[in-house]
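Just so you know, we're using full-length UniProt numbering here: the sequence shown kicks off at 1 and counts up by one. Below is one structure, written out as structure tokens, with a few remarks after it.
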Amino acid sequence: MKKGTPKFAVFALGENGQIRSALREIDDVHSKEPKAGQEQNWTPGEDEQIPDELHYANRMTEYLLQHDSNPSELLRLAVRAQHLQRWEVPRADYPMNRMGYLSWRTAQKKRQATHAEEICLSCGYSTEEAARVGALVRKEDMKRDAECQVLEDVACLVFLADQFEKFEQEHGEDREKIVNILRKTWAKMSERGHELALQIKMSDQAKGLVAEALET
């Protein structure tokens, strides 16, 4: 349960014009996630519940600014647009195996990128700028695109900070699987990502699993 997360947290850096409009539209989409009892749960905030995906977007932005205090405008948009309307395509719509997961993830990235591009265009960004946001959302060219690597780092950091302990509880009987996931997550990250990951507060159990993953 997380508290104190504002409903909208996109204006902290004094945005104006196009980026202000685009961030607001992205958050408007996140805010339409169904309430508890439907497809997704909401996260308790300080004064009200907020959609899980809006909470996720807030956390992505928080870790982006820890990673880079002055990220580009287009990277900020791409980071904020991760998981855009993710609830519209449930994981259960695909086979519950690795191939099904990969197909679902690819479909999600393409769909989210298209929607993010549409928002950018509607807010006055050029076709090239919108396409760049879409490419980042799809995480194209991970090996050579520094901004794409930053986005991947941020997603991994949010997983470790917000989602890993729940994942560990759900799969606690399969320690090998958990450690393997941690190794794969670590391998996706840059040195800066590793530095930030080691600063995340975790339970002793989670810390032990991370240490085990990094030993081999």
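Note that CB positions come from ideal geometry on N, CA and C, so glycine has one too.
Would DSSP call residue i helix, strand or coil?
i	result
Tyr-101	helix
Gly-124	coil
Asp-93	helix
Ala-81	coil
Ala-206	helix
Leu-13	Low confidence applies to Leu-13: its pLDDT is 49, below 50, so where it sits in the model is not reliable, and the reading given next is rough at best. In this structure, Leu-13 counts as coil in the three-state DSSP scheme.
His-171	coil
Leu-74	helix
Leu-198	coil
Asp-27	helix
Lys-110	helix
Met-189	coil
Ser-21	helix
Glu-88	helix
Glu-33	coil
Ala-213	helix
Are the C-beta atoms of residue i and some chain B residue less than 8 Å apart?
i	result
Glu-173	Absent here is chain B; the protein component of the structure consists of one chain.
Is it true that the CB of residue j sits closer than 8 Å to the CB of residue i?
i	j	result
Ala-78	Val-29	no
Ala-116	Val-133	yes
Ala-206	Cys-123	no
Ile-119	Glu-73	no
Thr-185	Leu-160	yes
His-67	Leu-196	yes
Arg-80	Thr-61	yes
Lys-177	Cys-156	no
Glu-33	Asp-52	yes
Ala-113	Leu-121	no
Lys-139	Lys-110	no
Glu-147	Leu-198	no
Val-179	Tyr-63	no
Does the region 198-215 come into contact with the region 153-164, if we say contact requires no fewer than three beta-carbon pairs (one atom in each stretch) closer than 8 Å? yes
Are at least three pairs of beta-carbons, each pair with one atom in the region 47-57 and one in the region 80-94, less than 8 Å apart? yes
Is it a yes or a no for the region 146-156 touching the region 92-105, going by three-plus beta-carbon pairs under 8 Å? no
Report the start-end ranges of each alpha helix (DSSP H) in the region 135-165 that is 4 residues or longer and not cut off at the edges. 146-158
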